[in-house]
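Residue numbers (the working numbering): 11 to 420.
Just below is one structure, and these are the notes that go with it.
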Ligand code: GAP
């Protein structure tokens, strides 16, 4: 269903996903703070990306490079000269954040990285020398990037501080088209894994003249946000632009000797670049659902269980019955130890507790009632499990709960 941006922004704040940055001071344009559920959602997405793009592969190496880099990096990469947006009066404004390193006269101007990519290109040689990878191989990184956007807008869509998940995949130049296609499909597979419907993600071939200075081919993966169809991710063929430039500027040989072809050359690069924050906005918009349940209107986030911030909520039917609360606490502790993202809630009536969990996208709620304690002997040590999407409840034995949820989370 379509949802307006205000609804998402207000749910995100009300339910502890995302707050305006420096909120009590009136905010700071283009900055956002993630609350408990937003941070959990971001971690789930980053972990899934790392699993799919690094851990499950044997040709991609994860790195975690410094955000502040030698300014020569950004001169060589073309960002000092070319990373600019036009301002309202037609002048060019470089959108890199300047900062100073060191004190007084000695201080040197440098920049916060505008893309995580730079930290990977400068480590190409370190990885070749330490890991001895065979082509093709990639470096991957998740981290913050900073851009002094002239007009930050549309919630976390265009921020001044945001996070990227990027791979720089080094290849033989004559194989670029085949690798580009494989990475195109990898991005599509990722979109499916996080629950974005295929009819919400659109590929746009970016025409020459609109591509970044380093790219010979770019596909933008666009998403239907409440404010229109806009970029979610990018896939670029960066040729040997970066390694050539850094090799020349640093004076360090960044060529690679290919044992297979017995040739020495500068590898070319395919780069899938995914924004964490835009991913969060896309999954929030895509998961947002309103329906009617038991004659009442409700709102829920239909997250894929794998990315949901909380997997299971545990409720004692009544707060003022110590035997129910004790049993519920015991089940809660057992599940939390195994599944991690489990919460306990005994506040308000059951209906209210379901609404709260629906709005943060918790796939399952457990209720411990008098039957759990043996009021009906045949139901002793069972609990009700309510499904978020259908509202339907089934009874499950307490002893099976861990394997029951682990199966559903696969
Ligand atoms: N290394 C390539 C690169 O940085 P980009 O298209 O400028 O390419 C890649 O950015 C991704 O980073 C975008 O597709 C988007 O997901 C995210 N991104 C870029 N600018 C952003 C901003 N101001 N706020 C939030 N996310 C942003």
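For glycine and all other residues, C-beta sits at the position ideal for the given N, C-alpha and C.
| said: With H, G and I counted as helix, E and B as strand and the rest as coil, what does DSSP make of residue 139? | reply: For the purposes of this step, residue 139 is taken as residue 129 along the chain shown, with counting starting at 1. Helix at residue 139.
| task | Using only the heavy atoms of the ligand GAP, determine whether one of them is closer than 7 Å to the beta carbon of residue 191. | result | In the chain shown, residue 191 corresponds to position 181, counting from 1. Because no heavy atom of the ligand GAP lies under 7 Å away, the Cβ of residue 191 does not count as near it: no.
| request: Could you tell me which of 401, 376, 400 and 398 sits nearest to residue 407, measuring between CA atoms? | output: If you number the chain shown from 1, residue 407 lands on position 397. The option with the nearest alpha carbon to residue 407 is 376.
| said: Quick check: what's the CA-CA separation for residue 289 versus residue 87? | reply: Position 279 of the chain shown, counted from the start, is the residue given in the question as residue 289. Position 77 of the chain shown, counted from the start, is the residue given in the question as residue 87. Taken atom to atom, the span from the alpha-carbon of residue 289 to that of residue 87 is near 26 Å.
| said: Does the beta-carbon of residue 243, which I'm using as the reference point, lie nearer than 7 Å to any heavy atom of the ligand GAP? | reply: Locating residue 243 in the chain shown gives position 233, where the first residue counts as 1. Yes, the Cβ of residue 243 comes within 7 Å of a heavy atom of the ligand GAP.
| task | Within 10 angstroms of the Cβ of residue 225, are there 16 or more other Cβ atoms? Answer buried if so, exposed if not. | result | Taking the chain shown and counting its residues from 1, one reaches residue 225 at position 215. Buried, since its Cβ has 16 or more Cβ neighbours within 10 Å.
| query | Shortest alpha-carbon distance to residue 53 belongs to which of 78, 27 and 73? | reply | As a first step, residue 53 is located in the chain shown; it is residue number 43 there, counting from the start. Cα-wise, what sits closest to residue 53 is 27.
| query | Regarding residue 283 and the ligand GAP, is the C-beta to nearest heavy atom distance less than 7 Å? | reply | Taking the chain shown and counting its residues from 1, one reaches residue 283 at position 273. Within the cutoff, so yes.
| task | Reducing DSSP to helix, strand and coil, say where residue 326 ends up. | result | Residue mapping note: residue 326 aligns to position 316 of the chain shown, counting from 1. It is a strand residue.
| field | Residue of 359, 162, 369 and 72 minimising C-alpha distance to residue 97 | value | For this step, residue 97 is matched to residue 87 along the chain shown. From the listed residues 359, 162, 369 and 72, the smallest Cα separation to residue 97 is found for 162.
| query | Tell me which same chain residues have a C-beta within less than 6 Å of the C-beta of residue 47, skipping the five on either side of it? | reply | Counting from 1 along the chain shown, the entry for residue 47 is found at position 37. 26, 27, 319 and 370, listed in sequence order.
| task | With residue 422 as the anchor, note down where its alpha helix (DSSP H) starts and where it stops. | result | Absent from the structure is residue 422, since the part of the chain shown begins at 11 and ends at 420.
| query | Between the C-alpha atoms of residue 332 and residue 322, what's the straight-line distance to the nearest angstrom? | reply | Along the chain shown, read from residue 1 onward, the residue named residue 332 stands at position 322. Along the chain shown, read from residue 1 onward, the residue named residue 322 stands at position 312. Cα to Cα, residue 332 sits roughly 22 Å from residue 322.
| message | Count Cβ pairs between the stretch 141-153 and the stretch 71-91 that sit closer than 8 Å; are there 3 or more? | response | They touch, by the three-pair rule.
| said: So if DSSP puts residue 373 in a beta bridge, which residue, or which two residues, is it bridged to? | reply: Position 363 of the chain shown holds residue 373. None, per the DSSP bridge assignment.
| field | Closest by C-alpha distance to residue 56, when choosing among 203, 296 and 238 | value | Mapped onto the chain shown, residue 56 falls at position 46. Residue 56 has its Cα closest to that of 203, out of 203, 296 and 238.
| query | Going by Cα to Cα distance, which pick from 342, 390, 374 and 327 is closest to residue 360? | reply | Position 350 of the chain shown, counting from 1, holds the residue named residue 360. Closest by alpha carbon: 327.
| task | Can you give me the start and stop residues for the alpha helix (DSSP H) that residue 83 sits inside? | result | Mapped onto the chain shown, residue 83 falls at position 73. 81-86 is the span of the alpha helix (DSSP H), which, as asked, contains residue 83.
| Three-state secondary structure (DSSP) of residue 175 | Translated into positions along the chain shown, residue 175 becomes position 165. Residue 175: strand per DSSP, three-state reduction.
| said: Under 8 Å: do the stretch 236-243 and the stretch 276-286 share three or more Cβ pairs, one atom per stretch? | reply: Using a C-beta cut-off of 8 Å, the stretch 236-243 makes contact with the stretch 276-286, since at least three inter-stretch Cβ pairs fall below that distance.
| task | Kindly indicate which three-state DSSP category residue 364 falls into: helix, strand or coil? | result | Numbered from its first residue, the chain shown carries residue 364 at position 354. Secondary structure at residue 364: helix, using DSSP grouped into helix, strand and coil.
| query | Does the beta-carbon distance from residue 276 to residue 257 come in below 8 Å? | reply | The residue you call residue 276 lines up with position 266 of the chain shown. The residue you call residue 257 lines up with position 247 of the chain shown. Result yes, Cβ atoms of residue 276 and residue 257 sit closer than 8 Å.
| said: According to DSSP, is residue 283 part of a helix, a strand, or is it coil? | reply: Here residue 283 corresponds to residue number 273 of the chain shown, with the count starting at 1. Of the three classes helix, strand and coil, the one that applies to residue 283 here is strand, per DSSP.
| said: Under 7 Å: does the beta carbon of residue 288 sit that close to some heavy atom of the ligand GAP? | reply: Locating residue 288 in the chain shown gives position 278, where the first residue counts as 1. Yes.
| Taking Cβ to Cβ, would you say residue 395 is nearer than 8 Å to residue 382? | For the purposes of this step, residue 395 is identified with residue 385 of the chain shown, where counting begins at 1. For the purposes of this step, residue 382 is identified with residue 372 of the chain shown, where counting begins at 1. It is not a contact, given that the beta carbons lie outside the stated cut-off.
| Alpha carbon to alpha carbon, how far is residue 246 from residue 356? | As a first step, residue 246 is located in the chain shown; it is residue number 236 there, counting from the start. As a first step, residue 356 is located in the chain shown; it is residue number 346 there, counting from the start. Their Cα atoms are separated by approximately 50 Å.
| If we call anything under 8 Å between Cβ atoms a contact, is residue 294 one with residue 18? | By 1-based counting over the chain shown, the position of residue 294 is 284. By 1-based counting over the chain shown, the position of residue 18 is 8. The answer is yes: Cβ separation under 8 Å.
| task | For the alpha helix (DSSP H) holding residue 19, just list the boundary residues, first then last. | result | Numbered from its first residue, the chain shown carries residue 19 at position 9. In the DSSP annotation of this structure, the continuous segment of the alpha helix (DSSP H) that includes residue 19 starts and ends at 15-24.
| Same chain only: Cβ atoms within 7 Å of residue 93, ignoring 5 sequence neighbours per side | Start at 1 with the first residue of the chain shown, and residue 93 comes out as number 83. In chain order, 104, 105, 106 and 124 place their CB closer than 7 Å to the CB of residue 93, counting only its own chain and leaving out the 5 sequence neighbours on each side.
| Mind checking whether the beta-carbon of residue 169 lies closer than 7 Å to any heavy atom of the ligand GAP? | For the purposes of this step, residue 169 is taken as the residue at position 159 of the chain shown. For residue 169, the shortest separation between its Cβ and any heavy atom of the ligand GAP lies below 7 Å.
| request: Just grab the DSSP bridge partners of residue 310 for me. | output: The count along the chain shown starts at 1 and reaches residue 310 at position 300. Partner(s): 299.
| field | C-alpha gap between residue 109 and residue 83, whole angstroms | value | By one-based count along the chain shown, residue 109 stands at place 99. By one-based count along the chain shown, residue 83 stands at place 73. If I take the Cα positions, the gap works out to 15 Å.
| query | Using a Cβ-Cβ cut-off of 7 Å (strictly less than) and excluding sequence neighbours within five positions of residue 14, which residues of its own chain qualify? | reply | Here the question's residue 14 lines up with position 4 in the chain shown. Here residue 14 has 236 as same chain residues with Cβ atoms under 7 Å from its own Cβ, once five neighbours each way along the sequence are excluded.
| For residue 315, the nearest candidate out of 272, 227, 397 and 122 (CA to CA) | In the chain shown, counting from the first residue as 1, residue 315 sits at position 305. When each option's Cα is compared against that of residue 315, the closest is 397.
| message | Nearest by alpha-carbon distance to residue 139: which of 341, 34 and 263 is it? | response | In the chain shown, the residue the question calls residue 139 occupies position 129. Minimum Cα distance to residue 139 is reached at 263.
| request: Scan the stretch 21-71 and note each continuous beta strand (DSSP E) run of 3 residues or more that stays entirely inside, going in chain order. | output: 28-30 and 42-44
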